[in-house]
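In C-alpha cells, the structure reads:
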C-alpha cells in the first residue's frame, strides 16, 4: 500500500508561486495603497488595504479551523466513514496555528494602528460621543477583543495539535486491542468534547461578533455567528474535498472511493442549503421588521455599489450548488465535485467580502488586482502547509479502530 | 395473477450474495428478496435499476413551489390585494417560508405515496408472506417459475448455493385486494356432466 506522500515538483512550484504572488501583491499594496495613512477613513485605499487583509486572514483561518471541527464532530458521533481520509483533515487542520499567527498579525496591526475605519469602536473620542457605541463598550473594547482573540486562536491551535498527536500515537503501537482502542477513543472524545465547547463559545457566538460584526458596529444580529459558521463550514468542507481529491489522484489514499466523495458532496450540498437558510433567516426578519437600526446593514448591500455582488452571492452559494449537486450522479463525479468545491470556496470568499467591505470602504468597492492577489498568497500558504504535513505522516492511519468501517463504507 | 415460486432461505448475507450472482448467471428470474434489515449493495447485486423516487420528489417539489408562488401571487396581486404594512403586493421574501413549506410538503407526501405505489402497497392490500422469519432473521430469496424453468432443478440449485430451507409456493404476485386464502375454485372434471 502506497502510504507515503511525496510532493511533486509542480505542486511545490504552484504553492511557492502563489505565495510569491500574494507577497508581491502585499508589497505593491504597501507601495500604492498607503497602509499607514488615514486611520479614520479619510483615505479609501488605505482602508481597502486593511479590509482586504482582514477579510482574507479571517476567512482562511475559519476555513482551516473547519477541518478540526470536522474531525471533532466525527469523533463525537463515533463516525467511521471518514477514517480513510482522516489524515487529510488533519493536514488541513495543521494550518490552524500558522494561519492563526497570520490573522493575529493582521488583527494586531489594525488594533495597534487604531484603525477606526475598520473597527469604529477603536476611536475613543467617537465612542464617548456615541450612545450606541458607549453602551457596547463593555464588549467592544480593545482589551476584551485582544484577550478573546488570543484565547480563541491559542486554544484552537492547542486542541487541534492535541488531536493530531493522538492520531499519530495510533501509528506507533501496531494494531490496537480492544482495551487500548477504547482508551485511545476516550482520550479523543475528551479533547473533542473540549473543542466542541470551545467552538460553540467562539465560532458559535462571540468571535464572529467581535471579528466581523463589529465592523458595522451600530448594527447587530443574533443570527450572525451562525451565519458565519454556515458559510465557513460549507466552504471548509469544500476545501477538504479538494485536498481529498488531490491526494486520491496522487495515489496515497487507497481506501477513498466514490462513496466517500459522494458523502463529501452531500455535506457540501446540505450545508449550502443550511447556509441559505441562515442567510435568509437573517435577511427576512430584518426586511420584514423594517426597523432602521437593523435595515442599515442590508441598505448598503441591497442597493447601490454592492447590488451585483449581493445577488451573485446568492447565485454562487445557493442556486448553483442546489441545482447542480441535486443529482446523485453529480455528487459521484470527480470533475463536477472538484468544480463545485472551487465554486463554493470562491462563493463564500465573496460572502466574506460582502460582510467586510460595505462597513469599511463604503461606496467605493474594488475587486481588482489587490483583492484577488492577496487570497492567492493565502491559498499558496495553505497548499504549502498541507503538503508539508502530508509528507511527514503516513496518509492512511492503518491502526485506527474505525478503518475497516471506512473501507467498506457504502452510501 | 397467481404464480408459482421457489423460495430459498439464507441465514447469512455472505452466502446470499454469491447465490444471487449465480442465480442471475443461470438465468433464473428473481421475483424479490426479502431481508429483515437493509442489506447494502443487494440492489446492485440483483441488477435493479436506480429508483425513480427522487425524480418524483423533484417534480412534485416543483409543483409545490409553483402552487405556492402562483397561488399567493394571484391572491395578493389580482384577486384580493391588501395593504399589509406598506409592503409591496408581491413581497417575495415573505412568500419564501410558505413556498419552502409547500415544496417540502408536496415532495415528501408524493414520495411516500410513490414509494407505496412502487412497492404495491395500499391500505387493504394483502401481501403474501413467503416466510414468516423474513421479518426476523432470514433472508428469503423468491424465484419465479417461468415456462422454461424446472422447479426441481431450481430447488437443487438453491440447495447447492447454501439455502437452508427451500419450499415451493403458489402466490398472488401483483396488486390484490382481499384475502389470499380464498382459494379460487378450479374447473373440475366431475362438473362436466351439467
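Chains as they are written, first to last, in our numbering: chain P, 1 to 411; chain D, 1001 to 1194.
Where a beta carbon is used, it is the ideal one built from N, C-alpha and C, also for glycine.
Consult DSSP for residue 1003 of chain D and reduce its assignment to one of helix, strand or coil.
To locate residue 1003 of chain D, count along the second chain from 1; it is residue 3. It is a strand residue.
Taking 8 Å as the CB-CB cut-off, is residue 1185 of chain D touching chain P?
Taking the second chain and counting its residues from 1, one reaches residue 1185 of chain D at position 185. Legend: pLDDT at residue 1185 of chain D = 49, less than 50; position of this residue unreliable, no value from coordinates given.
Any idea what DSSP makes of residue 1169 of chain D, helix, strand or coil?
Translated into the one-based positions of the second chain, residue 1169 of chain D becomes position 169. Residue state, collapsed to three classes: strand.
Members of the region 264-288 of chain P near chain D, C-beta cut-off 8 Å:
Those residues of the region 264-288 of chain P placed with their C-beta closer than 8 Å to a C-beta in chain D are 280, 283, 284, 287, 288, ordered along the chain.
Answer with yes or no whether the minimum CB distance from residue 1068 of chain D to chain P is below 8 Å.
Your numbering for residue 1068 of chain D matches position 68 in the second chain. Taking Cβ atoms only, chain P never reaches closer than 8 Å to residue 1068 of chain D, which makes this a no.
Would you mind sorting residue 1012 of chain D into buried or exposed? The rule is 16 or more other CB atoms within 10 Å of its CB.
For the purposes of this step, residue 1012 of chain D is identified with residue 12 of the second chain, where counting begins at 1. Exposed is the call here.
Residues in the region 1075-1094 of chain D with C-beta within 7 Å of chain P's C-beta atoms, listed in sequence order?
Here the close residues are 1093, 1094.
Is the beta carbon of residue 395 of chain P less than 8 Å from the beta carbon of residue 115 of chain P?
Locating residue 395 of chain P in the first chain gives position 395, counting from the first residue. Locating residue 115 of chain P in the first chain gives position 115, counting from the first residue. It is not a contact, given that the beta carbons lie outside the stated cut-off.
Using 8 Å as the Cβ pair cut-off and three pairs as the minimum, do the region 261-278 of chain P and the region 311-320 of chain P touch?
Taking a contact to require three or more Cβ pairs closer than 8 Å, the region 261-278 of chain P and the region 311-320 of chain P qualify as touching.
Any idea what DSSP makes of residue 42 of chain P, helix, strand or coil?
Working through the first chain from its first residue, we reach residue 42 of chain P at position 42. It is coil, neither helix nor strand.
Measure the C-alpha to C-alpha separation of residue 1009 of chain D and residue 1166 of chain D and round it to an integer number of angstroms.
Indexing the second chain from 1 puts residue 1009 of chain D at position 9. Indexing the second chain from 1 puts residue 1166 of chain D at position 166. Computed Cα separation, rounded: 6 Å.
Under a Cβ-count criterion, where at least 16 other Cβ atoms within 10 Å of its own Cβ denotes burial, should residue 164 of chain P be classed as buried or exposed?
Position 164 of the first chain, counted from the start, is the residue given in the question as residue 164 of chain P. So residue 164 of chain P counts as buried.
For residue 307 of chain P and residue 351 of chain P, I'd like the C-alpha separation in whole angstroms.
For the purposes of this step, residue 307 of chain P is identified with residue 307 of the first chain, where counting begins at 1. For the purposes of this step, residue 351 of chain P is identified with residue 351 of the first chain, where counting begins at 1. Rounded to whole angstroms, residue 307 of chain P to residue 351 of chain P spans 13 Å at the Cα level.
Residue closest to residue 107 of chain P, alpha-carbon to alpha-carbon, out of P:358, P:161, P:143, P:82:
Taking the first residue of the first chain as position 1, residue 107 of chain P is located at position 107. When only C-alpha atoms are compared, the closest one is P:143.
Helix, strand or coil at residue 1010 of chain D according to DSSP, with G and I counted as helix:
Within the second chain, residue 1010 of chain D is the residue found at index 10, counting from 1. Residue 1010 of chain D: strand per DSSP, three-state reduction.
Alpha carbon to alpha carbon, how far is residue 262 of chain P from residue 322 of chain P? Give it in angstroms, no decimals.
As a working mapping, residue 322 of chain P is identified with position 322 in the first chain. As a working mapping, residue 262 of chain P is identified with position 262 in the first chain. Residue 322 of chain P and residue 262 of chain P have their alpha carbons spaced roughly 15 Å apart.
With burial defined as no fewer than 16 other Cβ atoms inside 10 Å of the residue's Cβ, what is the status of residue 5 of chain P: buried or exposed?
Here residue 5 of chain P is taken as the residue at index 5 of the first chain, counted from 1. Looking at its Cβ environment, which holds 16 or more other Cβ atoms inside 10 Å, residue 5 of chain P is buried.
Residue 388 of chain P versus residue 212 of chain P: straight-line alpha-carbon distance, rounded:
Position 388 of the first chain, counted from the first residue, corresponds to residue 388 of chain P. Position 212 of the first chain, counted from the first residue, corresponds to residue 212 of chain P. Whole-angstrom Cα-Cα distance: 31 Å.
Under three-state DSSP, which class holds residue 254 of chain P?
As a first step, residue 254 of chain P is located in the first chain; it is residue number 254 there, counting from the start. Reduced to three states, the DSSP call for residue 254 of chain P is coil.
Could you tell me whether the Cβ of residue 1041 of chain D comes closer than 8 Å to any Cβ of chain P?
Start at 1 with the first residue of the second chain, and residue 1041 of chain D comes out as number 41. It does; some Cβ of chain P falls within 8 Å.
Which ranges does the alpha helix (DSSP H) cover as unbroken runs of at least 4 residues, wholly within the region 291-361 of chain P, from first to last along the chain?
292-302, 307-314, 320-324, 328-331, 334-360, all fully within the region 291-361 of chain P.
Quick one: which chain P residues come within Cβ less than 9 Å of residue 1033 of chain D?
By one-based count along the second chain, residue 1033 of chain D stands at place 33. Those within 9 Å of residue 1033 of chain D in chain P number zero; the least Cβ separation is about 17 Å.
At the level of alpha carbons, what is the spacing between residue 1122 of chain D and residue 1006 of chain D?
Here residue 1122 of chain D corresponds to residue number 122 of the second chain, with the count starting at 1. Here residue 1006 of chain D corresponds to residue number 6 of the second chain, with the count starting at 1. Between residue 1122 of chain D and residue 1006 of chain D, the alpha-carbon positions lie close to 26 Å from each other.
Mark residue 412 of chain P as exposed unless 16 or more other C-beta atoms lie within 10 angstroms of its C-beta, in which case mark it buried.
Any property of residue 412 of chain P remains undetermined from this structure, which presents chain P solely from 1 to 411.
Near residue 398 of chain P, what residues of its chain come up, given a Cβ to Cβ distance below 7 Å and the 5 sequence neighbours on each side ignored?
By 1-based counting over the first chain, the position of residue 398 of chain P is 398. Cβ neighbours of residue 398 of chain P beyond the five flanking positions: none.
Span of the alpha helix (DSSP H) holding residue 92 of chain P?
The residue labelled residue 92 of chain P in the question sits at position 92 within the first chain. It spans 86-93 - the alpha helix (DSSP H) in which residue 92 of chain P sits, taken as one unbroken run.
Nearest to residue 270 of chain P by CA position, among P:365, P:319, P:97, P:361, is which residue?
Looking up residue 270 of chain P in the first chain gives position 270. Of the candidates P:365, P:319, P:97, P:361, P:319 places its Cα closest to the Cα of residue 270 of chain P.
Burial state of residue 82 of chain P, where buried means 16 or more other Cβ atoms lie within 10 Å:
Within the first chain, residue 82 of chain P is the residue found at index 82, counting from 1. That one is buried.
Distance check for residue 1090 of chain D and residue 1070 of chain D, CA to CA, integer angstroms please.
As a first step, residue 1070 of chain D must be located in the second chain, where it is residue number 70. As a first step, residue 1090 of chain D must be located in the second chain, where it is residue number 90. Approximately 11 Å, taken between the alpha carbons.
is_contact[residue 410 of chain P, chain D] using C-beta, thresh 8 Å
To locate residue 410 of chain P, count along the first chain from 1; it is residue 410. Taking 8 Å as the CB threshold, residue 410 of chain P lines the interface with chain D.
Return helix, strand or coil for residue 218 of chain P, following the three-state DSSP convention.
Start at 1 with the first residue of the first chain, and residue 218 of chain P comes out as number 218. In the displayed model, residue 218 of chain P falls within coil according to three-state DSSP, outside both helix and strand.
Run through the region 1036-1095 of chain D for me and flag every whole alpha helix (DSSP H) of 4 or more residues, listed as ranges in chain order.
1042-1046, 1053-1074, all fully within the region 1036-1095 of chain D.
Residue 130 of chain P lies in the alpha helix (DSSP H); which residues open and close that run?
In the first chain, the residue the question calls residue 130 of chain P occupies position 130. Where residue 130 of chain P is concerned, there is no enclosing alpha helix (DSSP H), given that its DSSP letter is neither H nor E.
If I follow the unbroken alpha helix (DSSP H) through residue 1205 of chain D, where does it start and stop?
It is not possible to answer for residue 1205 of chain D, since the shown part of chain D is limited to 1001 through 1194.
Would you report the Cα separation of residue 41 of chain P and residue 112 of chain P, rounded to the nearest angstrom?
As a first step, residue 41 of chain P must be located in the first chain, where it is residue number 41. As a first step, residue 112 of chain P must be located in the first chain, where it is residue number 112. Whole-angstrom Cα-Cα distance: 16 Å.
Which residue's Cα is closest to the Cα of residue 1149 of chain D: D:1124, D:1028, D:1022, D:1127?
Position 149 of the second chain, counted from the first residue, corresponds to residue 1149 of chain D. Per the Cα distances, D:1028.
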